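Undergrad:
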Amino acid sequence: MSRSVEVPPRNPAPRKPWGSRLERGLLGFFAGLAVLESGLMVLGVHVEWFAGIANYNLRFVAAMTLLPLAAGLVVGLIYGYGGKYLAHFPPLVDGVWHYWQSLAHPEMIPQGAHLLPWQLFGFFVIWLMEASAVGAFIGEIIARRWMSWDHAMPPRRADSEYLPEDE
């Protein structure tokens, strides 16, 4: 007695990326940089300045955790697979730019605050880079789920044989 096994429908063809790797990389980089910079401006946080322990408040914690996660998520969604590597660069560029601005224009630093030593500031920038990479990893997974996991999606089967139906 032969039993017919229904073949599951084949998944739709995977979507093609909307642009080349360079286009997606540039847009992802600048979008992540824009999210990070605008978030720091809205929160009013300057990571490179130290004005006492009161400087490390809830806004600073949000700028060091949630903001780079959001920036990395944007990078990962735009770039797709490999975005976790690209997401390291927007916080690095933004941090170096702000530190250089504070070095070049010390009159910008408010009264009672001073510029952090570059070693401690480097620790903060690395923290931002890694938090951004975590956000990009999440964005990659979302983008890959939307685009497809593989470029050639085979039907769901085990060892070239379809799984038997439960009786």
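So this note's numbering is basically just the index in the sequence shown, starting at one, shifted up by 1317. Glycine included, C-beta positions come from ideal geometry on N, C-alpha and C. Quick caveat: nothing in here was measured; it's all calculated off a predicted structure.
Rounded to the nearest angstrom, what separates Arg-1473 and Ile-1459 at their Cα positions?
TA: Locating residue 1473 in the sequence shown gives position 156, counting from the first residue. Locating residue 1459 in the sequence shown gives position 142, counting from the first residue. Residue confidence for Arg-1473 is low, a pLDDT of 47 falling below 50, so the modelled location carries little weight and cannot support an answer.
Undergrad: Using the C-alpha atoms, what's the distance from Leu-1437 back to Ala-1368?
TA: In the sequence shown, the residue the question calls residue 1368 occupies position 51. In the sequence shown, the residue the question calls residue 1437 occupies position 120. Rounded to the nearest angstrom, the two C-alpha atoms are 14 angstroms apart.
Undergrad: Is the Cβ-Cβ distance between Arg-1341 and Tyr-1396 less than 7 angstroms?
TA: Residue 1341 sits at position 24 when you count from the first residue of the sequence shown. Residue 1396 sits at position 79 when you count from the first residue of the sequence shown. Yes.
Undergrad: Using 8 angstroms as the Cβ pair cut-off and three pairs as the minimum, do the stretch 1400–1419 and the stretch 1369–1382 touch?
TA: In short, these stretches do not touch, since the Cβ pair count stays below three.
Undergrad: Residues in its own chain within less than 7 angstroms of Ile-1455 by CB, not counting five upstream and five downstream?
TA: On the sequence shown, residue 1455 is found 138 positions in, with the first residue counted as 1. So the qualifying residues of the chain are Leu-1390, Gly-1393.
Undergrad: Could you check the C-alpha separation between Leu-1375 and Glu-1482 for me, to the nearest Å?
TA: Position 58 of the sequence shown, counting from 1, holds the residue named residue 1375. Position 165 of the sequence shown, counting from 1, holds the residue named residue 1482. So the two alpha carbons sit approximately 55 angstroms from each other.
Undergrad: Taking the alpha carbon of Gly-1412 as the reference point, which residue from Gly-1452, Leu-1432, Arg-1462, Tyr-1402 has its own alpha carbon closest?
TA: Translated into the one-based positions of the sequence shown, residue 1412 becomes position 95. Nearest C-alpha to Gly-1412: Leu-1432.
Undergrad: Check each candidate in Glu-1354, Gly-1361, Glu-1365, Leu-1353 and name the one with the smallest Cα separation from Phe-1441.
TA: Sequence index remark: in the sequence shown, residue 1441 carries index 124 (1-based). Nearest C-alpha to Phe-1441: Glu-1365.
Undergrad: Could you tell me the alpha carbon to alpha carbon distance between Glu-1424 and His-1363, rounded to whole angstroms?
TA: Looking up residue 1424 in the sequence shown gives position 107. Looking up residue 1363 in the sequence shown gives position 46. If I take the Cα positions, the gap works out to 14 angstroms.
Undergrad: For the candidate residues Gly-1361, Gly-1349, Leu-1350, whose alpha-carbon lies nearest to that of Pro-1427?
TA: Translated into positions along the sequence shown, residue 1427 becomes position 110. Of the listed residues, the one whose Cα sits closest to Pro-1427 is Gly-1361.
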